[in-house]
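J.:
Numbering (our numbering), first residue to last: 1236 to 1512.
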């Protein structure tokens, strides 16, 4: 059956897997928009293990370039994608799925073993319906399939807006921390699916982005509070998992007005970043 604009297909027997559509599998290709200059690339020997990426298809060219840069630097076995739950469909505090995503380059599968482990630690069961609609995840899957065709995913969606629910964010941090220890993080990548300042004009957007830039300049467990975005728990988890010697860079910084030339009074901003040691 089909359910939703970014739809899912589920076979009659519940034991069989769930498949979610993406913009690419539905033939809804991105329109042409402006690009943005590269601000900073990591050093040649840097191996990023985490980063922030927009989930607005308006930023298609930059999302593609971000994944292409990452693929030139490392392989990834599993992407842990932390996403806001945009439509209020989550039936539990954390939504997870063992489903797969259809793309033009093949399917991106969930890692069922890790999904079960993380679900147990978060005390939740599967919440498939959320991912039939969640563009914070589905937007990114075609790029993963394109540049990391063997990679699997572990996707977690939750209420992303401020104020932070710190007990919830601490529980998520504890569930993910074993996968981002010194020994294990070589196989995994922590992908924070987030857009930053929302619904402001140019002055408000610039002021909010100036606050956010403090986190990228000095990433730490203390600087997360400065970030203005739609995925505050994701930024918190990232900040809590950062080793003391972490470095970061902003590959691209732009916004919806600069990319499209439209809606000057309703701007969303984008930071594409990497973190490494």
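Just so you know, even glycine gets a beta-carbon here, dropped at the ideal spot from N, CA and C.
Kindly list the residues whose CB is nearer than 6 Å to the CB of residue 1346, restricted to its own chain and excluding five residues on each side of it in sequence; keep chain order.
T.: Excluding sequence neighbours, residue 1346 sits near 1313, 1387 and 1389.
J.: If we require 4 or more residues per run, which alpha helix (DSSP H) segments fall completely within the stretch 1373-1420?
T.: Whole alpha helix (DSSP H) segments, 4+ residues: 1376-1382 and 1401-1411.
J.: Cβ of residue 1444 within 6 Å of any heavy atom in the ligand PLP?
T.: Summarising the ligand content, the structure contains no ligands, and the ligand PLP is consequently not present.
J.: Is there contact between the stretch 1284-1297 and the stretch 1258-1268, where contact requires at least three CB pairs shorter than 8 Å?
T.: Yes, they touch.
J.: For residue 1353, tell me which candidate among 1365, 1413 and 1298 has the shortest Cα-Cα distance.
T.: Among 1365, 1413 and 1298, the Cα nearest to that of residue 1353 is on 1413.
J.: Taking the DSSP output, what are the residues bridged to residue 1319?
T.: The partner list for residue 1319 (beta bridge, DSSP) reads 1393.
J.: Three or more beta-carbon pairs under 8 Å between the stretch 1421-1441 and the stretch 1492-1511, yes or no?
T.: Touching, yes.
J.: Going by C-alpha distance, which of 1369, 1356, 1284 and 1499 is nearest residue 1439?
T.: Nearest of 1369, 1356, 1284 and 1499 to residue 1439, Cα basis: 1499.
J.: Measuring alpha carbon to alpha carbon, tell me which of 1479, 1466, 1283 and 1334 ends up nearest residue 1252.
T.: Among 1479, 1466, 1283 and 1334, the Cα nearest to that of residue 1252 is on 1334.
J.: Short check: CB of residue 1285 to CB of residue 1486, under 7 Å?
T.: Taking 7 Å as the Cβ cut-off, residue 1285 and residue 1486 do not qualify as a contacting pair.
J.: Leaving out the 5 sequence neighbours to the left and right, which residues in its chain are closer than 7 Å to residue 1299 when beta-carbon positions are compared?
T.: Cβ within range, chain order: 1378.
J.: Quick check: residue 1478 and residue 1404, are their CB atoms within less than 7 Å of each other?
T.: No, these two residues do not count as a Cβ contact at 7 Å.
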